[in-house]
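As you go down the protein sequences, you meet chains A and B in turn.
Its first residue numbered 276, the first sequence is counted upward by one per residue in the numbering used here.
Its first residue numbered 52, the second sequence is counted upward by one per residue in the numbering used here.
Backbone N, C-alpha and C define an ideal beta-carbon position, used for all residues, glycine too.
Right, one structure below, let's go through it.
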Amino acid sequence: MRFDIYDFTSFTQDIDRLLQENLTPFWATVAELTIVGVVILAFYALVGLFLVYAERKVCAFMQNRLGPNRVGPFGIFQTIADLIKLLMKELIPIKHADKILFNLAPFIVIIASFMAIAAIPFARGLHAIDLNIGVFYVFAVSSMGVIGILLAGWSSNNKYSLIGAMRSGAMVVSYELSVGLSLLSIVIFAGTMQLSGIVESQADGWWIFKGHIPAFIAFLLFITASTAETNRGPFDLAEAESELTAGFHTEYSGIRFAFFFLAEYMNMFIVASIAVTIFLGGWMPLQFGGLEGFNTVMAYIPPLVWFFLKVAFVIYLMMWFKWTFPRLRIDQILTLEWKYLLPLSLINTVLIALVVLLGWHF
Amino acid sequence: MNVIINYFKDIFQGVWSLIQGMRVTGYYFFHPRQIVTQQYPENRDKLVMFERFKGEVIMPHDENNQHRCTGCGICEINCPNGSIEILTETVINEEGKKEKRIDKHIYHLSMCTFCGLCVKTCPSDALAWGNEFEHAVYDRHKLTKVLNQPGSSLKKEPKSTAKEIKA
Chain A
276 MRFDIYDFTS FTQDIDRLLQ ENLTPFWATV AELTIVGVVI LAFYALVGLF LVYAERKVCA
336 FMQNRLGPNR VGPFGIFQTI ADLIKLLMKE LIPIKHADKI LFNLAPFIVI IASFMAIAAI
396 PFARGLHAID LNIGVFYVFA VSSMGVIGIL LAGWSSNNKY SLIGAMRSGA MVVSYELSVG
456 LSLLSIVIFA GTMQLSGIVE SQADGWWIFK GHIPAFIAFL LFITASTAET NRGPFDLAEA
516 ESELTAGFHT EYSGIRFAFF FLAEYMNMFI VASIAVTIFL GGWMPLQFGG LEGFNTVMAY
576 IPPLVWFFLK VAFVIYLMMW FKWTFPRLRI DQILTLEWKY LLPLSLINTV LIALVVLLGW
636 HF
Chain B
52 MNVIINYFKD IFQGVWSLIQ GMRVTGYYFF HPRQIVTQQY PENRDKLVMF ERFKGEVIMP
112 HDENNQHRCT GCGICEINCP NGSIEILTET VINEEGKKEK RIDKHIYHLS MCTFCGLCVK
172 TCPSDALAWG NEFEHAVYDR HKLTKVLNQP GSSLKKEPKS TAKEIKA
């Protein structure tokens, strides 16, 4: 294989062997879990900080503004300053709030996105866990976040929070269907639910190119429906500022608010990396049949660079339509899902099954 | 059949209109020269305010230190919150006649709402809007300004023309 120079499998196996030799099997497992946890946590915080900055800059440029430009060159330390401010803020206790659920809610939201990130393959051999039902796992775990949002709205003892949480619940339950069906279409193509297997199946071309028009439609459906799932604009009516103050996180302050904020951006990152893994070839370089020289040059770019470039592209797409379109009303959102996205994804899945049966894809 | 055609037409029209919207914002994103933000404290030297900007009320004086204020007091009457005070004095002019003229045109910037009624109603166009907007001071008495400069006088129209108009 061409991509063997960037294989992380031996690297992780070496670490595993080193730990097994020096520790008892139990403590070796504990040490491995700790290492993975710390690495993912650090990654989580860094990506969150960067995405907040990127969103503010992209949004500003699309609105003919400059965005943050005072803290550090081009304002790159703005989010760090914001984080320090949030850490020092008071955690305000709410009267008649359900204390346990109120404190629990941000953790549920953040744990849901934390679990989803574990299954994402960043390069060959570079993922925390490679389940043989990876697509199903990611899909199940990422929809757990809505429980946190519902609890936050319920326990806050605030009408705005409750309305925002209920809207979010109705929206996530409906859009889950389209997300599932569009992911299913590529599972039909690849014949496996293992995320690393899906990436391997794209070595000679990404599914968005190999799968003809149905795969492209599935990609569009996935991007639309998963934007709704992450509660981002134009589907951000769970926190519609003009109607609901801040929606489900109205009553939260300080670090608990920061958790919700961070989880929103991490969900965006997770959705983008799933889209990349399923549709855009994961960490596979861009390959075209017949262009040998081009393929060799592309294969020398490390898979991590490919992965993050693609994720950046998908995130840019999501930011692009967040800052272009106005927010939808609740009835418009449900109409879009039940009358348009769901029938389309059903038809699309049947089409893809036909394409696979007749062997029309490359 | 018609229903199905209309359904797909709906979808394509919707997607097309969304793409048109994204084209506008995409154009802005890749053309940073369109940015209109003024970086205020840094560009202080080059900052040019636009013509209709309402910074403060001023009384323009020409090169002979002459203004056009006759001291009629219409601006004082029209000011909704009393931020203008007109002090007049009576002097004897070179023809030996008594004449009323402006002594001090006092303008309380701290009470001004920048409605512009004084500038609009002045019969002799003596008042105008200035572009200065950095009004912060440590003592509020500094916000009370005398608009006519010391030693200035009324710019007189040639008398003959005034009489001709009357006749």
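Whose C-beta lies closer than 8 Å to the C-beta of residue i among residues of the same chain, with five residues either side of it excluded?
i, result
"A:T525", "S431, N433, Y435, S436, G439 and L519"
"A:D373", "W429, S430 and N432"
"B:S203", "H112, N116, Q117 and H118"
"A:V384", "G420, G423, I424, A427, F534, F535 and A538"
"A:V462", "V410, M468 and I473"
Any beta-carbon of chain B closer than 8 Å to the one on residue i?
i, result
"A:Y615", "yes"
"A:T304", "no"
"A:N692", "Lying outside 276 to 637, the shown extent of chain A, residue 692 of chain A is not represented and no answer is given."
"A:W598", "yes"
"A:R340", "yes"
"A:V419", "Just to set this straight, residue 419 of chain A is Met in the shown sequence, not Val. Answer no: the Cβ-Cβ gap between A:M419 and chain B never drops below 8 Å."
"A:M573", "no"
"A:F336", "yes"
For residue i, collect the residues of the same chain with a Cβ closer than 7 Å to its Cβ; drop the 5 residues on either side in sequence, then sort them by chain order.
i, result
"A:Y540", "G323, L326 and V327"
"A:N407", "M468 and Q469"
"B:V188", "L194"
"B:A213", "For B:A213, the predicted structure reports a pLDDT of 48, less than 50, and the residue's modelled location is therefore unreliable. The matter cannot be settled from this model."
"A:L626", "P489"
"B:K105", "F165, G167 and W180"
"A:L401", "F283"
"B:K151", "G122, T139 and T141"
So the beta strand (DSSP E) residue i belongs to, where does it begin and stop?
i, result
"B:D220", "Examination of residue 220 of chain B is not possible in this model, given that chain B is present from 52 through 218 alone."
"B:L138", "I135 to I143"
"B:I109", "E107 to I109"
"A:G466", "From DSSP, A:G466 is part of no beta strand (DSSP E); its letter is neither H nor E."
"A:T571", "Counting along the chain, A:T571 falls outside any beta strand (DSSP E), though it belongs to the alpha helix (DSSP H) covering E567 to A574."
"B:W180", "A179 to G181"
By the DSSP assignment, the alpha helix (DSSP H) with residue i in it spans what residues?
i, result
"B:I55", "N53 to F81"
"A:W595", "P578 to K597"
"A:A415", "G409 to S417"
"A:G312", "P300 to M337"
"A:S548", "G529 to F554"
"A:S388", "K374 to A393"
"A:S517", "E516 to L519"
"B:K171", "L168 to T172"
"A:D289", "T284 to N297"
DSSP three-state label for residue i, please.
i, result
"A:I627", "helix"
"A:H487", "helix"
"A:G400", "coil"
"B:K214", "Note that B:K214 scores 48 on pLDDT, short of 50, meaning its location in the model is unreliable and no value can be drawn from it."
"B:V197", "strand"
"A:M276", "Because A:M276 carries a pLDDT of 44, less than 50, the predicted location of this residue cannot be relied on, and the following value inherits that uncertainty. Coil."
"A:L456", "helix"
"B:H112", "coil"
"B:V186", "A small correction: the amino acid at residue 186 of chain B is His; Val does not occupy that position in the sequence shown. DSSP places B:H186 in coil when its eight states are reduced to three."
"B:S204", "strand"
"B:Q90", "coil"
"B:G117", "The sequence as given places Gln at residue 117 of chain B; Gly does not occur at that position. Three-state DSSP puts B:Q117 in a strand."
Please decide whether residue i counts as near chain A, where near means a Cβ-Cβ distance under 8 Å.
i, result
"B:F219", "With chain B represented from 52 up to 218, any question about residue 219 of chain B goes unanswered, as that position is not in the structure."
"B:V197", "no"
"B:T11", "As displayed, chain B neither begins before 52 nor continues past 218, which places residue 11 of chain B out of reach and without an answer."
"B:I62", "yes"
"B:L69", "yes"
"B:P83", "yes"
Among residues of its own chain, excluding the 5 on either side of residue i, which ones have a beta-carbon nearer than 6 Å to its beta-carbon?
i, result
"B:L194", "L160 and S161"
"A:F544", "V322"
Find the residues of chain E that neighbour residue i, judging by a C-beta separation of less than 9 Å, and give them in chain order.
i, result
"A:W595", "Judged by its chain identifiers, the structure shown contains no chain E, and its protein chains are A and B."
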